[in-house]
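Trainee: The sequence shown runs 2 to 185 under the working numbering. Using N, Cα and C, we set each Cβ at its ideal position, and we do this for glycine too.
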Amino acid sequence: MEPTAKAFARTGLTPNLFTLIGLLVGVVAAFLFAYGLQLWAGIVLLICGFFDLIDGAVARVINRETAFGGVLDSVVDRYVDFLIFVAIIYAFINGRLAEVGFLPGWAWGILAIFGSLMVSYTRTRAEAAGSGKLDVGIAERGERILILAFGALIGYTQYAVVLIVILAHLTVAQRLFAAKIRLS
């Protein structure tokens, strides 16, 4: 990643600007999901994920890591997650995505939003309580983006959402278990 980060650093753009570009790309991905354009949504979501990686990598390469940059990155990640899943809920409601399983699609979308937020919250809360860096779990944000993007690329966004629901809540349980051990 370092050679790529160095190339992006040469553009003169700040790491925070790369974070905001990632937000804009995430908004585009959300619109594509909302209108059922799964292939394009998957491609654009991968680009969004790339910007989520490159902002921090550029900050490290140019020695400009800041506390605010970390906060901005985390907040933008939550906005993108929320917008993507709201767009998917919209696609379910409007029949652009087929229903799957025993719940209506919009319910899977809500559970995916909640699971994604809880993965982040569990880590933040445990670390604030003194657990140390709590980056355990089967489905951190990067994995969830890859699952959703891959699902969209092959035309099965709805199944990717169900998988994300399961894995996100499993990750919360893994983090709670790790926090219990570390904080006891």
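Would L135 pass as a contact of A129 if the rule is Cβ separation under 8 Å?
Mentor: Numbered from 1 along the sequence shown, position 134 holds the residue referred to as residue 135. Numbered from 1 along the sequence shown, position 128 holds the residue referred to as residue 129. No, the pair does not count as a contact, with Cβ atoms beyond the cut-off.
Trainee: Could you pull out every residue in the same chain whose Cβ sits closer than 6 Å to the Cβ of F9, ignoring the five residues on either side in sequence?
Mentor: For the purposes of this step, residue 9 is taken as the residue at position 8 of the sequence shown. Contacts found: I55, V59.
Trainee: Would you decide whether P16 is buried or exposed? Buried here means 16 or more other CB atoms lie within 10 Å of its CB.
Mentor: As a first step, residue 16 is located in the sequence shown; it is residue number 15 there, counting from the start. It is buried - the Cβ of P16 has at least 16 other Cβ atoms within 10 Å.
Trainee: Keeping to the same chain, check which residues put their C-beta closer than 8 Å to that of L171; ignore five residues upstream and five downstream.
Mentor: Taking the first residue of the sequence shown as position 1, residue 171 is located at position 170. Contacts found: G138, I139, A140.
Trainee: Consult DSSP for V101 and reduce its assignment to one of helix, strand or coil.
Mentor: The sequence position of residue 101 within the sequence shown is 100, counting from 1. Residue state, collapsed to three classes: strand.
Trainee: Tell me where the alpha helix (DSSP H) around S117 begins and ends.
Mentor: For the purposes of this step, residue 117 is identified with residue 116 of the sequence shown, where counting begins at 1. Taken as a continuous stretch (DSSP letters only), the alpha helix (DSSP H) holding S117 covers 106-129.
Trainee: K7 to F52, Cα distance in whole Å?
Mentor: As a position in the sequence shown, residue 7 is number 6, starting the count at 1. As a position in the sequence shown, residue 52 is number 51, starting the count at 1. Going by the C-alpha atoms only, they are around 14 Å apart.
Trainee: Which class does R183 belong to by DSSP, given the choice of helix, strand or coil?
Mentor: Taking the sequence shown and counting its residues from 1, the one referred to as residue 183 is at position 182. R183: helix per DSSP, three-state reduction.
Trainee: Roughly how many whole angstroms lie between the Cα atoms of G102 and R61?
Mentor: Here residue 102 is taken as the residue at index 101 of the sequence shown, counted from 1. Here residue 61 is taken as the residue at index 60 of the sequence shown, counted from 1. Roughly 43 Å between the two C-alpha positions.
Trainee: With H, G and I counted as helix, E and B as strand and the rest as coil, what does DSSP make of N17?
Mentor: Within the sequence shown, residue 17 is the residue found at index 16, counting from 1. Residue state, collapsed to three classes: helix.
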